[in-house]
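One structure is given below, encoded as structure tokens.
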Amino acid sequence: MVVFGPSVVKFVGLGFLCGLIGSWLLTSSTSSYLGQIQLHPLIRAPKEGVLDVQHFSEHGGHHEGETLLVDELAKVRPVFAFIFTSATENETRAAHIKSTWAQRFDGYLFFSDNNDTNLPAFALPNKKGWAFTRSAIAHIYDNFRQNFTFFMKAHDTNYVVVENLRALLREIDFKEPLLIGRSMAATQGTIQFLSDESGYVMSRAALERLAVGIKTNVEACSESDAAADVNFGKCAIAVGVKLIHAVDQDKSDLFHPLTPWDILKKFLETINPDPTVFGSDQMTKALTCCSDQSVAFSDLRGAHLYMMEYMVYHLYPYGIIHEPENYEKVRLLQSAIQR
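Using UniProt numbering, you'd call the opening residue of the sequence shown number 1 and step up by one each time.
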């Protein structure tokens with residue numbers, strides 16, 4: 001297990017998000033609340049369950065003009081995202097990923113079963129599972145490896161806080177073969193594979209080793225009917241890639257295979273199995289369910305993504321400053337630019 005320090009940009013929305021959305025969504029079904037909430041002005045009324053969207057700004061909300069630090073990180077450690085989807089989900093899922101967090105990466109590409117220049121999506125010959133992942137890794141290696149230092153693999157049900165990902169990677173050497181995410185199985189302290197649902201990020205060196213292993217048919221990297229995440233872990237270990245379980249300085253996970261409200265619900269159940277008798281002290285403790293520096297959540301679709309956008313990038317508690325030293329760094333950098 002590797003512990004990473006505080007992020008360059010901390011978001012005050014995530015802890016509050018767990019409490020606010022959790023209390024609401026735990027009593028409302030996903031299917032019903034889409035018709036009840038007030039849609040953001042940039043989201044027109046849904047037709048047959050499809051939200052018609054326009055693009056949000058690159059960073060969004062009050063963070064416009066406050067991104068000098070993460071912008072500098074992007075220059076020295078550009079990160080590419082490749083996102084798995086399908087043609088049937090282009091409008092219901094992938095379009096909303098493109099409209100929200102995907103645009104904060106330095107480059108991104110959807111992998112699907114059909115080409116789509118609007119997303120953009122690239123069709124792979126294999127439809128699913130480990131074979132699909134193998135093809136995606138080979139394509140990324142052939143076309144993008146020289147332009148980026150890290151590569152994040154995600155699904156069309158993920159939400160990624162890209163700035164926190166940049167903070168996580170800021171002191172990691174992309175020349176080291178590393179695969180970073182959430183451990184799902186370990187034997188005698190050795191991680192066997194990472195969660196596919198929560199996403200993971202690999203260094204350029206890891207991408208190169210994985211692609212070569214796939215292209216040369218290393219036995220552990222060959223086609224198999226086993227689950228994609230299990231096979232990916234076997235292949236990574238076989239070609240010398242180190243698997244890392246990412247946590248913050250408080251040992252809280254950064255990659256989550258659940259929604260924030262599902263995490264909150266599970267956390268509350270560990271405190272008290274009876275949800276009708278929670279005390280205020282228990283609820284306050286529950287707000288620590290997720291790291292302030294969380295990178296990715298899973299099982300989020302459609303309106304969920306825009307709720308996350310609002311809570312992370314638009315809701316702003318006036319006068320609260322996280323990591324004041326960063327504001328001084330920004331001030332000095334702005335002064336240098338003006339000169």
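Ideal Cβ positions, reconstructed from N, Cα and C, are used throughout, including at glycine.
Nearest-angstrom Cα separation, counted from residue j out to residue i
| i | j | result |
| --- | --- | --- |
| D299 | E309 | 15 Å |
| T88 | K153 | 20 Å |
| A102 | L264 | 25 Å |
| F148 | M307 | 30 Å |
| S86 | I320 | 41 Å |
| V76 | H139 | 23 Å |
| T190 | G240 | 13 Å |
| Q192 | L73 | 31 Å |
| A303 | H245 | 30 Å |
| S224 | D113 | 20 Å |
| G22 | Q293 | The predicted model places G22 with a pLDDT of 43, which falls under 50 and marks its position as unreliable; any figure quoted below should be read in that light. C-alpha separation (whole angstroms): 19 Å. |
| L268 | S222 | 42 Å |
| L194 | E219 | 20 Å |
| K128 | F150 | 24 Å |
| T117 | R145 | 21 Å |
Beta bridge counterpart(s) of residue i as assigned by DSSP
| i | result |
| --- | --- |
| V79 | F150 |
| G213 | Answer is none; G213 lacks a bridge partner. |
| L194 | S183 |
| D253 | V247 |
| S203 | F150 |
| F84 | F111 and H155 |
| F122 | F111 |
Reduced DSSP category for residue i - H, G, I as helix; E, B as strand; rest coil
| i | result |
| --- | --- |
| H155 | strand |
| Y316 | coil |
| K127 | coil |
| A185 | strand |
| residue 343 | For the chain, the structure presents residues 1 to 339; residue 343 sits outside this window and is missing. |
| F174 | coil |
| L258 | coil |
| F111 | strand |
| S294 | coil |
| V218 | coil |
| V239 | coil |
| V161 | coil |
| residue 368 | Shown here, the chain extends from 1 to 339; a query on residue 368 therefore has no answer. |
| R301 | coil |
Any non-hydrogen atom of the ligand FAD closer than 8 Å to residue i Cβ
| i | result |
| --- | --- |
| L169 | Here there are no bound small molecules, and the ligand FAD is not part of this structure. |
Cβ separation of residue i and residue j, assumed to be a contact under 8 Å, to the nearest whole Å
| i | j | result |
| --- | --- | --- |
| N90 | L119 | 7 Å |
| Y200 | F255 | 7 Å |
| V162 | V312 | Going by Cβ atoms, the distance from V162 to V312 rounds to 10 Å, so no, they are not a contact pair. |
| S198 | A296 | 5 Å |
| I83 | D156 | 6 Å |
Segment contact, 8 Å Cβ cut-off, at least three pairs: the region 168-182 with the region 105-112: Verdict: no, contact absent.
Cβ contact (3+ pairs, closer than 8 Å) linking the region 127-137 and the region 220-237: A contact exists between the region 127-137 and the region 220-237.
Segment contact flag, the region 243-263 with the region 207-225, C-beta cutoff 8 Å, min 3 pairs: Contact between the region 243-263 and the region 207-225 is absent, because fewer than three Cβ pairs lie under 8 Å.
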